[in-house]
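The block underneath contains the structure these notes are about, expressed in structure tokens.
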């Protein structure tokens, strides 16, 4: 029986999925998608597949992947999705199909406790807080008893705890085979299992970090893989750009200084020159940070270089790093940790020199400023060529799937970004009844989006809608500044009008905790920015309204975007229509996708931006959204919520 026939049988009315999985309903879109993926696997082709929310795309790729009989790598957008796939979806489908496939999950090394660094941390006793010190016995017990060492399994130590930085390894500070705990290493064990498994679950960052940087692990997995599946594939262009480029941060230099100081105190106390070389590098990094005034700034290299003291501070950082690296070279033979520090120093020095010279025309140099550090980026104008080498290295199937890849069913933008010009493309609409379940409201009388009065207008539009929805809403903003302004205005209005809905804001706590609070309240309003536009699943009445302040065009002063626009315009292309507009459409579809998550959901999507109606390109945008019923009248929004309260959609 061919793979296509096996897949068709599995999804049929009397197939194994219906028979063994409680509540499973085979949808035509899901079955067609699974068949298209099965065909791509058999033909070893590239397939770009957009499937609307509710299609069931996870099962649509898992069934053919597990039945294919070859080695499969599945890459997800986040570690949360990775855990869900590995712990819930994969076991369920494997059990239903009764296929004897072995499955492994592989994460980046920062997710696994490191015996070597745990021992060092406990012996040195240098912690950022009392809580960190108290976590050490818990971590030691976990390291002794865990089979995986995955920090996701240790709920007693919060994921945000700073102690994790001290008890996990990085690519820079792992001493590899010289480590006394090499045979017990959780990272190496996870990679060993991944090499032996039929199906390996990774995430996009790990896939690109390990494949593109030729690290151990996935670089060995990929040559033996018959099929690679990317879920949430709309994230790939940005993630790939991080790894095809070259970045260096002052925090990496500070980490090297800290590790060198620790090596001096614990291994080579007789080498005073090492201690004397550490402090100047730390000071040089801090001085370089002081060149930049504003945290959160992103600027092209030309603007950074024009700042007062930039050249001198950069040169001083180079010189102090070179001095420390020379001292480390003299001590490298005395201990594996010192040798690793020396190698790191050499690599960082080469990166700093290369970034400053900027010899590669295809890389855009720019600077990002954080509260304590500065990140120097060299980002490719396009990842298509670099990724194309991976695509064509040897025959295998490549599957790219997401709910948001196309603009009005046109995949040219995504294919061009990723070098997938030879790929097959398919699109399936969501099975949800948007005409009955949802309403798109574009209010009248809004000012221009760049006007000073715009945030106040958004808050004013939101208030009666939030009263009609009885809270239960996300307010999604395109910038942190707008988020804070809208939140403050809503807070004031809630107090003045006696609206007692809990008002939450991104940043008050981590995303998971905020979502838990949002669900628990049942009538909350959450004001968020980028973190809540995608990867958030709130089903049921708790989320009945999504309000979006503006069309999410990338900021025009973004240095990489600016360079890409210049390049496209120089080539005679229309950068707005071919790049900026598709980017905004895909991002908007993600935000809109938070509203209707299953057949029994209902709600109103509010897009405040008048350009959706007033501009010629607005039609192309709303035609790319799910087929919402549309209105410009507030009373129709109020009537919608009244009707739903009386007659909710059937589940």
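In UniProt numbering, the protein residues as written are 1 to 651.
C-beta: ideal position from N, C-alpha, C; glycine also.
The model shown is predicted, which means the values in this text are computed figures rather than measured ones.
Compare the C-alpha of residue i against each of the options and name the closest.
i, options, result
"residue 60", "77, 39, 43 and 78", "39"
"residue 249", "261, 343, 479 and 376", "376"
"residue 493", "74, 340, 460 and 254", "460"
"residue 171", "225, 126, 120 and 112", "112"
"residue 72", "84, 222, 3 and 454", "222"
"residue 544", "600, 17 and 533", "600"
"residue 109", "173, 541 and 395", "173"
"residue 359", "147, 344 and 378", "378"
"residue 420", "614, 454, 573 and 385", "385"
"residue 466", "490, 453, 456 and 532", "490"
"residue 449", "159, 394 and 607", "607"
"residue 438", "523, 539, 476 and 630", "630"
"residue 265", "560, 431, 337 and 164", "337"
"residue 369", "292, 443, 422 and 406", "292"
"residue 434", "316, 595, 339 and 562", "595"
"residue 304", "355, 319 and 242", "355"
"residue 199", "159, 128, 277 and 86", "86"
"residue 176", "164, 165 and 189", "189"
"residue 195", "185, 203 and 225", "225"
"residue 165", "206, 120 and 202", "120"
"residue 387", "260, 242 and 441", "242"
"residue 313", "330, 324, 343 and 282", "282"
"residue 274", "227, 485, 327 and 286", "327"
"residue 603", "144, 430 and 645", "645"
"residue 417", "239, 17 and 77", "239"
If we count the other Cβ atoms within 10 Å of its Cβ and call it buried at 16 or more, is residue i buried or exposed?
i, result
"residue 23", "exposed"
"residue 446", "buried"
"residue 309", "exposed"
"residue 75", "buried"
"residue 556", "exposed"
"residue 624", "buried"
"residue 168", "buried"
"residue 404", "buried"
"residue 130", "exposed"
"residue 125", "exposed"
"residue 210", "buried"
"residue 296", "exposed"
"residue 394", "exposed"
"residue 320", "buried"
Can you round the beta-carbon distance between residue i and residue j to whole angstroms, since I take them to be within the 8 Å contact cut?
i, j, result
"residue 426", "residue 65", "The pair is not a contact, with the Cβ atoms about 17 Å apart (cut-off 8 Å)."
"residue 655", "residue 373", "Any answer about residue 655 is impossible in this case: the structure gives the chain only from 1 up to 651."
"residue 381", "residue 362", "6 Å"
"residue 301", "residue 365", "4 Å"
"residue 116", "residue 181", "5 Å"
"residue 542", "residue 522", "5 Å"
"residue 598", "residue 56", "Contact doesn't hold; Cβ gap of about 11 Å is too wide."
"residue 508", "residue 515", "About 12 Å; that fails the 8 Å criterion."
"residue 149", "residue 207", "No, residue 149 and residue 207 are not in contact; Cβ-Cβ is about 21 Å, not under 8 Å."
"residue 531", "residue 511", "5 Å"
Let's see if you can read the secondary structure: which residues bound the alpha helix (DSSP H) around residue i?
i, result
"residue 653", "The question about residue 653 has no answer, for the chain in this structure spans 1 to 651."
"residue 452", "No alpha helix (DSSP H) contains residue 452, which DSSP labels as neither H nor E."
"residue 191", "186-196"
"residue 82", "79-84"
"residue 162", "Careful: residue 162 lies outside any alpha helix (DSSP H) and carries neither H nor E."
"residue 177", "Per DSSP, residue 177 belongs to no alpha helix (DSSP H) and is neither H nor E."
"residue 653", "A question about residue 653 goes unanswered here, because the residues of the chain that appear run from 1 up to 651."
"residue 283", "272-290"
"residue 582", "581-592"
"residue 28", "28-43"
"residue 20", "16-20"
"residue 632", "From DSSP, residue 632 is part of no alpha helix (DSSP H); its letter is neither H nor E."
Could you pull the start and end residues of the beta strand (DSSP E) that residue i belongs to?
i, result
"residue 570", "First-last for residue 570: 559-570, but that is the alpha helix (DSSP H), not the beta strand (DSSP E)."
"residue 599", "Per DSSP, residue 599 belongs to no beta strand (DSSP E) and is neither H nor E."
"residue 231", "227-231"
"residue 247", "246-249"
"residue 200", "199-203"
"residue 47", "46-51"
"residue 307", "Taken as a continuous stretch (DSSP letters only), residue 307 belongs to no beta strand (DSSP E), as it is neither H nor E."
"residue 298", "298-300"
"residue 625", "It is not in any beta strand (DSSP E) - residue 625 carries neither H nor E in the DSSP assignment."
Segments assigned beta strand (DSSP E), at least 3 residues, entirely inside the region 495-557: The region 495-557 contains these whole beta strand (DSSP E) runs: 503-505, 525-528 and 545-548.
Could you give the uninterrupted runs of the beta strand (DSSP E) lying entirely in the region 319-373, keeping only those of 3 residues or more? 363-369, all fully within the region 319-373.
Restricting to runs no shorter than 4 residues, where is the alpha helix (DSSP H) found entirely within the region 372-441? If only uninterrupted alpha helix (DSSP H) runs of at least 4 residues are considered, those enclosed by the region 372-441 are 384-391, 412-418 and 434-437.
Write down every uninterrupted run of the alpha helix (DSSP H) in the region 61-137 whose length is 4 residues or greater and which is fully enclosed by it, in chain order. Taken in chain order, the complete alpha helix (DSSP H) segments of 4 residues or longer contained in the region 61-137 are 79-84, 90-97 and 115-124.
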